[in-house]
Amino acid sequence: MTKLNENDKKIGTTGHSWDGIEELNNPMPRWWLYTFYLCIVWGIGYTIAYPAWPLVSAATSGMLEYSTRGEVVEQIAEVDAANAAINTRLASVDLGEIITDPELESYATSSGKAVFNTFCVQCHGREGGLGAAGYPVLSDDDWLWGGDIENIHLTVAHGIRNEDDDDARYSEMPAFGEILEPEEIEQVVNFVMSLSETPQDASLVDAGAVVYEDNCSACHGEQGLGDRDQGAPNLADAIWLYGGDVDTLRETVTYSRYGVMPPWSNRLSEAEIRAVSAYVHQLGGGE
Numbered sequence: 037m038t039k040l041n042e043n044d045k046k047i048g049t050t051g052h053s054w055d056g057i058e059e060l061n062n063p064m065p066r067w068w069l070y071t072f073y074l075c076i077v078w079g080i081g082y083t084i085a086y087p088a089w090p091l092v093s094a095a096t097s098g099m100l101e102y103s104t105r106g107e108v109v110e111q112i113a114e115v116d117a118a119n120a121a122i123n124t125r126l127a128s129v130d131l132g133e134i135i136t137d138p139e140l141e142s143y144a145t146s147s148g149k150a151v152f153n154t155f156c157v158q159c160h161g162r163e164g165g166l167g168a169a170g171y172p173v174l175s176d177d178d179w180l181w182g183g184d185i186e187n188i189h190l191t192v193a194h195g196i197r198n199e200d201d202d203d204a205r206y207s208e209m210p211a212f213g214e215i216l217e218p219e220e221i222e223q224v225v226n227f228v229m230s231l232s233e234t235p236q237d238a239s240l241v242d243a244g245a246v247v248y249e250d251n252c253s254a255c256h257g258e259q260g261l262g263d264r265d266q267g268a269p270n271l272a273d274a275i276w277l278y279g280g281d282v283d284t285l286r287e288t289v290t291y292s293r294y295g296v297m298p299p300w301s302n303r304l305s306e307a308e309i310r311a312v313s314a315y316v317h318q319l320g321g322g323e
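Right, here's the structure in full:
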């Protein structure tokens, strides 16, 4: 067992002993103590100067009244002020001019991408290529209501089948389960699949053509090519909003579909709507 020397005896021990080994009660190094005290002083000063202590509905504002949110608001205001002139121009020119003017198109697509990634990507996916059931791909050349910038702008501004905008695009397919017999539904489903050369039962196609002509051609056209004025999809291009397998088509014909898109005119500025319209237009399918 190690014996304490005279200096150790002057320091003393903590009173702890393990197998005869005692712990000396050495003082902390002064540099460490000074640093520790300085941190305490700095911490107290920080809580006085900056927002720190949570209260019932907010935090203490601090003597400097600094706010990270306020800083962001100021930065956004600075950017808005810098872009005010081109946003005013973007909101006032003819829509067709946006995609023919290099300066406007460059600004609109870059700012429109930011708008899209904030408000649209959740449903349509990155760069409009999600393709999940019920959410149209925006990067192909298949459009329910038209893919020129004027039609894209109208769709973004007013939405589809919503109850918030009187100018929303509106179409409604009947639930043919209440109109047709089950065997007729099977026939027309196979006829529709035959338009893209994928019928499940080819023997039902001819009978399905009659059912289709009597019940579906008024909206989808005699050749199944659709009607953009009504939002009726093209049934002959093998591009399906909800799916083109026999079970999904049977469900669509029987129960119909009723997808809704909100209007953005009450949330975005006209410049933002035009910018995101230009961005969607240039994704690859714009006409």
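To convert, note that position 146 of the sequence shown is 182 in the working numbering; the numbers rise steadily by one, no gaps.
Glycine included, every Cβ here is placed at the ideal spot set by N, Cα and C.
- Where Ile57 is concerned, the enclosing beta strand (DSSP E) starts and stops at 57–60.
- Between the alpha carbons of Thr83 and Leu91 lies a distance of about 13 Å.
- Using a Cβ distance threshold of 8 Å, Asp178 and Ser232 do not count as a contacting pair.
- Per the Cβ contact rule, the region 310–317 is not in contact with the region 202–217 (fewer than 3 Cβ pairs under 8 Å).
- In the DSSP assignment, Gly51 falls within the beta strand (DSSP E) that extends over 49–54.
- Classified as exposed, Trp68 has fewer than 16 neighbouring CB atoms from the shown chains inside 10 Å of its CB.
- Note: Pro90 is bridge-paired with Ala95 in the DSSP secondary-structure output.
- The three-state reading of DSSP puts Arg310 in helix, counting H, G and I together.
- A buried status is given to Phe227, since no fewer than 16 other beta-carbon atoms sit within 10 Å of its beta-carbon.
- The secondary-structure analysis by DSSP pairs Asp263 across a beta bridge with Ala268.
- When the Cα atoms are used, Val247 and Val224 turn out to be separated by approximately 6 Å.
- In the DSSP assignment, the residues bridged to Ile196 are Arg205, Met297.
- With distances taken between CA atoms, Met64 lies nearest to Tyr73 out of Glu58, Tyr73, Gly56, Ile57.
- In this structure, the alpha-carbon of Ala169 lies about 4 Å from that of Tyr278.
- Distances from the alpha-carbon of His256 to those of Ala307, Val289, Gly56 put Val289 closest.
- Trp300 is classed as buried because its beta carbon has at least 16 other beta carbons within 10 Å across all chains shown.
- Annotation: Ile188 to Ser253 spans about 26 Å, alpha carbon to alpha carbon.
- For Glu199, the closest alpha carbon among the candidates Glu220, Asn302, Pro218, Leu240 is that of Asn302.
- It is roughly 55 Å from the alpha-carbon of Thr234 to the alpha-carbon of Val108.
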